[in-house]
Each structure stands twice: as structure tokens, then as C-alpha cells.
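Below: the structure, in C-alpha cells.
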Amino acid sequence: MKNSLLPFRSLRPAINVPRRRYTTVSPGAGRLNVPTDYSTSSYLAHTPSQTYNLHTDLPKHIRSGKTKRTNYFTAVNDALRIILTTDDKSLIFGEDVSFGGVFRCTSNLTDSFGSSRIFNTPLSEQGIIGFAIGLSASGYTALPEIQFADYLFPAFDQLHNEASKMRYRSGGAEMFNAGRMVVRMPTSAVGHGGLYHSQSPEGFFLGMQGVIVVIPRSPVQAKGLLIAAARGADPVVIMEPKILYRAAVEEVPLEEYELPIGKAEVLQVGTDVTLVAYGTMVYVAEAAARAAKERLGVSAEVIDLRTVRPWDKETITKSVNKTGRCVVVHEASRTGGMGESVAGEVQERCFLRLEAPVTRVTGWDTPMPLAFEGFMVPDVVRVLDGIKRTMEY
Amino acid sequence: MVLLTSLRASFCVGVARARLLPPPSTARYFASSVIARQNAPMKQPPHSDSVLFPGAVNSKFTHELKFQRPQDLPAIPTYRLIDTHGEVVDKSREPDISQELALKMYKDMITRADKFLYGMEIWSLHLSGAGNANVSAGEEGIAVGSAAALAPDDVIFSQYREQGVMMYRGFTLDEFMNQLFANKFDYGKGKNMPIHYMSERLHMIPHSVGAAYALKLDQSSRIAVCFFGEGAASEGDFHAALNIAATRSCPVLFICRNNGFAISTPTLEQYKGDGIGSRGVGYGIDTIRVDGNDVGVTFGESGFILYIGIMAVREVTMRARDIALKEQKPVLIEAMSYRVSHHSTSDDSFAYRAKVEVEDWKRRDNPITRMRKWLESKSWWSGEQDQELRIQVRKDILKAFARAEKEKKPALENLFLDVYKVPSRDLEEQMAELRRIIDEYPDEYDLEAFDRGREGL
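From first to last, the protein sequence lines stand for chains R and Z.
Just add 1179 to wherever you are in the first sequence, counting from 1, and you've got this note's numbering.
Just add 33 to wherever you are in the second sequence, counting from 1, and you've got this note's numbering.
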């Protein structure tokens, strides 16, 4: 398809020149740090039957339905289309959304639903979220898009001081809350976004009460979680790993469906160590788990957190009580990241079962630097090393 | 303009009557009066036709219940010096510019405009896998024209379409290329995306209003200058900045490039009022709108086009700088142009605007040629010289490109440096951890591309 405005798609050179790379990867036989091959990931459904086998919490009533090969941004687009079709009071707005948005998630929606429901806003994140809260508290389903998670911060006051505590301060009033708001934003590294286009700011939500934060890992997940978020009762922030928009492709059910918010998912059952990840990092965890099996004979259980706030303690506790070891992986910096929260809870809940301290494999405590993104984002080697240290403790 | 004049006039009368300030010789503005007002006792003359509401000191009473409708007010006019045919509109105002300066401006524009540099930016991105750069075709004139009017040590806060300003101040092709390639000579040490040029040497540091206030406190003969687009003027910080600049009377020039689009969003969806200029008036800031296309569109061989508004922008900026410095207060310049390029190298803007519209702009306004004609009419420039210049510029760019391309990336230690002035213990631990990983898995990390390789960490 013709791409119109995707800031971070990889550009094909106009002239055929050898391509330089920023990544730390040196391609070669037997190396672990090679680019993720999403087309062979066992966490993505490449055939219709895999769709229902892999995504075990897909509702029963759609299990006989048809699927279609769909990439991540198209799955988001499908979900938005379903929400707009089934909910007359839903609206999408944000910077550049009416022509499809910079990542094409809102393509063709203006044509179908009109410019009073899909529209560009002036360039003001604070305004966008404030506007969304007002709509939500008036019975409308507001689906604002923040162009990059990096641009979230001007809106943070609206999210933290308004949306997050609106229900609380109104004493649970029927309308006076921001529960019909779902904020979508692309997040995380692409390899060349640098300081202002590759951040993973989910850790900031750890100090924010009353807002749900979801990071879907795949097209099937993105569709079901977005529809569930739009129909739920609480404000939701959905962070979509932008590197997956085109890279992650699955057979996605055509019908509408919801996936459970607030629940983690075991992607791979194991016995020796629990790997906790979300977003892009589940694919790094997958490769590290494979390497751990082959090189160390270690059986890793891989869990996708899916909802990072409030996250699913039950599933993690159950797993760590079984394996006795836990490694948490995320791109965001170590300090203030999800790893702190997971490690803290796990040591309290699983202390007597733990064979080793919870290990964190994360971004460093620096901003996201362009030329060194490949060293900032955890790679397969670092995750494998984390598993090894945990096993050898 | 009527709005501006009447506001100022009534303000002066009101102030004079209330004896809050010495009778103003020129229109003294709200900014200074606010400070004076706070210190002076508020006196209400008997039988006054107005009350000195602290929030609106010059508002007269009226019996008419009438809403002020923006559409009834005339739009702020756009100042221009040279018309679309290249003729000086007001013959008494032949541009006051030396041959040397005019040629420097012209050459800088050509260099920045040259499709080769444009092409190189894209090419370098391909090579580096970097992905995205913002280009400024259509707005060079604003940058170069305003830079020409500023003092070399004025403090500039720029965005990513101000390459013209940097070039005018002597940022070299090598320096541009080093940043584009994020190589070891990049001043940002590889931390920024392409086009985030910066230079301490050229006084490009953030946050203009605070800097302007610092200059004011220092009783400096410099001012601060801030460049931004009309899209950025929707953000809260724009409004906060203008308001603080006005209330604290900061010597700052706000130069807004109104190029019609914020990525895909046209100005009609960005604001409803009379451009960005009306906001300056609203905040009590001297404001002018200027034709940023005053001189210049050129067609490169590949159809690369450039608008240049230079003469009018230069003149307006000189006058504005004078006001900002002598009267110690902010001034807003809204320079109108049309972004004929795409938003960035990965944008195809024909998805959201008609190609014909862009073509129409190219046809309607062709100022680079006109500037050349104007230079030629003064016998300052010739066709041969133009040809030579363009060839030379391309050579220079290719050389700078080749030099920057073969340089290594900054040393790996830069990943951890400059977070704090001195790395924290946490960061030292994390550096050691990365060293350990690289040493334990040497085959997994290729450090050849980085300055000093493994030793660079």
C-alpha cells in the first residue's frame, strides 16, 4: 500500500547504497542479537487455526468465524471502525487524524463517519485530553490520539489531576468521570527515534491512580483490547509499540470481540524461570527463552503483562511460585520502570519460593539516545544473560 | 490595523488622563504600564466615562449591548516590499542593503535551497537508517531574512526549519552534515534525530523568554529571538511565553513562520482567529505581519522549490529588534509563507493536499528568480556568476557529505555521559554492566562503527 506519512517507516534509499545501521547487531551464524523476525514468531498467529490456539481468551462465539491477515495498525483501524459503528456517541480526534494519522491508524474513517466524528484538533495535547474528559463526562465515548507517547507530557496535568481522580472526587457519580475516554498513543523505540520519538513513558503512570494502561503486543490483541477499553467504565491509555504497526502481522478475526483488560497472558509455559515482558519486548523474551532452552537447558515461562496498570499480580505470583525465579524485561529506564513494581510485589508475595532475587533487564537510566538506541533497548543477549545470572544465583 | 491603532490611541489617552505614566511619546504598551500601575495609586476622576477596572484600564462605557465579532475586525495587513513581479512597491523604500550583504543572503539561500543539500539530507538518512528529517523548503527566506537583521550575538531559540539562520551565522556544511550523520563530531554526540542542529558557539540555547529576561537584567545590548511555526502556537507554552514576555517586558522577538500546515493539519483547523498575529495583540505585544514570500521561489531541476521572503522580513526584523531592545519589550512577527515541501522526508503531503494547490503556489509566486533579477538589475549579479555559484555549492556539499559519512559514530560512553554533570553512581554501575555484557559476549556486538570501539566505553 502507498504510505503517505509515516515518520518512522524505514526509508528505501533512492539510490542503491550499502545501508549503515545503528543497531548493535552483527549478523552472523549462531548470533543471538539478530533483528526480530516477526514472520516466524510463535507468539503471532500466522494461520487462522493459530489465532484461536494462541489467543486463548478470545471469546467462544467468534471461534468459528473468519480471520484475515492484518497488520497492527490495520487491526487498530478495524477496532476503531467497529467502535464507531456500534457506538453512535464515539468520536476520534487528535493531531492529523483526519487524513489517517501519521501511523495510518485512523485511515478512511473520516470518509465513513464524517468530519464531525473524526477530526483534527489544534496542536495541543493538553487541549485534546481536556476536551476528551469533557466529552466523556457528558456521555460520549472519546477516543483521542496523542501523536507520540513522547508528546504526552503537556497533557499530563489533564490525565493526572483531572481524568484519574474525577470519579473519586465526585464520590462515584454516574456521569462525572472520565470512564468513556480511551487515549491511544504510539510508544517505544524504533531504532532511530531518539530523545523525542522513542520513549517508553509507561512508568509515569505508576504514580497515577484510576487510569488503566494497556500495551497490546499484536494485531489480535490490539483489536480486542481497544474494543474492550472503549466499552469499559474507566479511562484507559493504550500505548501501541510503533515498531509493531507494520512489523507484526496476524490472522485477525473479522468479527468484533473483546479481550480482558487487567489480565496478563502466559505465552509459553515453563518450569525454571518466569520472564515478564510486554509490548515489543515479548518478542525479545521469546528469542531469549529459546536460547535459554538451547544453550542452558532452562525452561522459561514467558508472560505478557498486557495491562501494565493495574497489572495482574495473580498470574505473575502463580507463575513465580511455580518457577522460583523471575526476570522482568522492559525498554524504559530501570529507575521508575515497571520492573520496580513487579520486583517489589514478587518479593513480597513469593519470598519463600524465590531461589534468586528478581532480575531486571531494562533500559539504562538515561534518555533515549539516537545513535545508541540499540544499546539502550534490551537485546536477546542481555535477557539471556539475566536468565543465566538468575539461574546461577 | 484599525484595531491596533484605536486600541493604542485610547490607551494613551486613558493613561495620560489618569496620570499613571508620563505622557507617552510613542505607544507605550501594556507590559510596562502593568508594572507602573501596580505601584501607582488608582485614582478615579469624577464624571469619568470609564472606570479604571484593574483588568481593563481604558475600556469606555457603552449603552450598546454588542459582542465584539472577530469577523467584523479587519485582518492585520501583510507588509511587503517587493511585489510578485520583483518591483519595489514603494519606490522611496528601495531596500537599504549593501551589495555585499545582499549577495551573502542570496548565496546562503542558494546553498540551503540547493536540491543537493536537500537530497543529501535524505540520502544521509537512508545511509544511517535514521529515518526522518524536517525540511524547510518554502521558508528559507524567513530564516535568512531575519538572521540578516539580527546581531550576531543575539540569543536564538530555533526549531528545525531555521537552517538558514544557522548558515547565515556561519554554521558550516560540515557541521550540518556531522549532525545529520550523528557522527563523532556531532555536537549533540549522536543523541538527537537528524536536523536537530545546535551550537553553543552560535548561541542557540533553549527558552527565549527567560533568556530575554536574563539579558534585560544584565542590561545587555542583545535580545532573544524565538522561531516557531503556527502549529506550535496552539500549545499552551506559546501562550504562557507570550504572556510572561509581555508582563515582564522581556526583550524578545517572536518570529512565527506561518506556512499553512502543521504536518497535515491546515491552518483552518489549527485556529479560527486572524492568524497568530492577533494573539500578539491580545497579549499586549507589538505585532506585525509580513510577507515571508517577499522574494523567492526557485525550481530546481528535480522540481525542488524554495520560497524566500527576505527583503521585507529583514526590514521588519530590524525594526522589531530596535523596538525590543530600545523599549525593552517583546515583539511578534508573523511571517506568512507556504510550505511547498513535505513536512519531513518521510511525509508525502499529497495525501492531504492537492498537488495542484502546491503547483499553483509555485506558479503564482516565484521570488528567488525575482531576487536574482533585482540583483541583476543593480548589476550586482550575473547569470554566469549564478551558474558558477550553483556548481560550487554542489561541489562543497558533496565534499562535506563525503567527509561526514566516513566519520565514526560518537564513542559509546556518550550513551551515559551528560545525563548529570558528573555521572551518578547508578550510571557508573550501569556503564560497568554494559562493559561486562560486551566483554562476555564479544561476538554479539560490533563496535567498529563507534569512535574508539570497545575502548570508547
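Glycine included, C-beta positions come from ideal geometry on N, C-alpha and C.
For R:N1287, does the three-state DSSP call read helix, strand or coil? coil
Indicate whether Z:A182 and Z:R423 have their beta-carbon atoms separated by less than 8 Å. no
Minimum Cβ-Cβ distance from R:L1475 to chain Z less than 8 Å: no
At least one CB of chain Z closer than 8 Å to the CB of R:A1368: is that the case? no
Could you work out which residue in R:R1528, R:T1545, R:T1569 and R:G1515 is closest to R:T1538 when comparing CA atoms only? R:T1569
Drop a sphere of 10 angstroms on the beta-carbon of Z:D186, count the other beta-carbons inside from all chains shown, and report buried for 16 or more, exposed for fewer. exposed
Which chain R residues are close to Z:Y474, counting only those with a beta carbon under 7 Å from its beta carbon? V1560
How would you call R:D1413, buried or exposed, if buried means at least 16 neighbouring beta carbons within 10 angstroms? buried
State yes or no: is the C-beta of R:A1300 within less than 8 Å of the C-beta of R:I1308? It should be pointed out that residue 1300 of chain R corresponds to Thr in this sequence rather than to Ala. Contact flag unset, no.
List, in chain order, every chain Z residue whose beta-carbon is nearer than 7 Å to that of R:N1212. E477
List the endpoints of the continuous beta strand (DSSP E) containing R:K1247. T1246 to N1250
Listed by chain order, chain Z residues near R:L1549 by CB distance under 8 Å: A163, A215, G223, K224, N225 and M226
Reduced DSSP secondary structure (H/G/I, E/B, other) of Z:E367: strand
Would Z:Y385 be called buried (16 or more neighbouring beta carbons within 10 Å of its own) or exposed? buried
For a cutoff of 8 Å on Cβ pairs, would you count R:T1264 as touching chain Z? no
By alpha-carbon positions, which one of Z:F449, Z:W414 and Z:D479 ends up nearest to Z:K140? Z:W414
How about Z:D451 and R:D1544: do their beta carbons lie closer than 8 Å? no
Tell me whether Z:E488 is buried or exposed, calling it buried when 16 or more other Cβ atoms sit within 10 Å of its Cβ. exposed
With three or more C-beta pairs closer than 8 Å as the rule, is the stretch 347-363 of chain Z touching the stretch 270-285 of chain Z? yes
Run of the beta strand (DSSP E) containing R:D1564, from where it starts to where it stops: Note, R:D1564: premise wrong, no beta strand (DSSP E); alpha helix (DSSP H) at V1559 to E1571.
Below 8 Å on the Cβ atoms is my guess for R:E1430 versus R:T1226; work out the distance and round it to an integer in Å. 6 Å
Per DSSP, the bridge partner or partners of Z:Y6: Past the edges of chain Z, shown from 34 to 490, lies residue 6 of chain Z, and the structure says nothing about it.
Does the stretch 1414-1427 of chain R come close enough to the stretch 1386-1406 of chain R that 3 or more CB-CB pairs lie under 8 Å? yes
CB of Z:A437 within 8 Å of CB of Z:F483, strictly: no
Excluding the 5 residues flanking Z:A353 on each side, which residues of the same chain have their C-beta closer than 6 Å to its C-beta? L286, V364 and I366
List the residues that DSSP assigns as beta-bridge partners of R:V1361. R:V1415
Is there a C-beta anywhere in chain R that falls below 8 Å from the one on Z:R61? With a pLDDT of 37 at Z:R61, under the threshold of 50, the modelled position of this residue cannot be trusted, and the question is left open.
Rounded to a whole number of angstroms, what is the C-alpha to C-alpha distance between R:P1557 and R:F1384? 21 Å
Using a Cβ cut-off of 7 Å, pull out every chain R residue sitting near Z:G269, in sequence order please. S1303, Q1305 and P1333
Just to confirm the assignment, what range does the alpha helix (DSSP H) spanning R:P1227 have? P1227 to L1233
For R:V1560, which residues of its own chain have a beta-carbon under 6 Å away from its beta-carbon, when the five flanking residues on both sides are left out? L1211 and N1212
Cβ-based burial, Z:E417 [other Cβ within 10 Å; buried from 16]: exposed
Chain R beta carbons: is any one of them nearer than 8 Å to that of Z:G486? no
Looking at Z:E127 and the ligand NAP, is the gap between the Cβ and the nearest heavy atom below 7 Å? In terms of ligand content, the structure shown is empty, and the ligand NAP therefore cannot be addressed.
Residues bridged to Z:G262 (per DSSP): Z:R290
Can you tell me which residues form a DSSP beta bridge with Z:A257? Z:V188 and Z:V285
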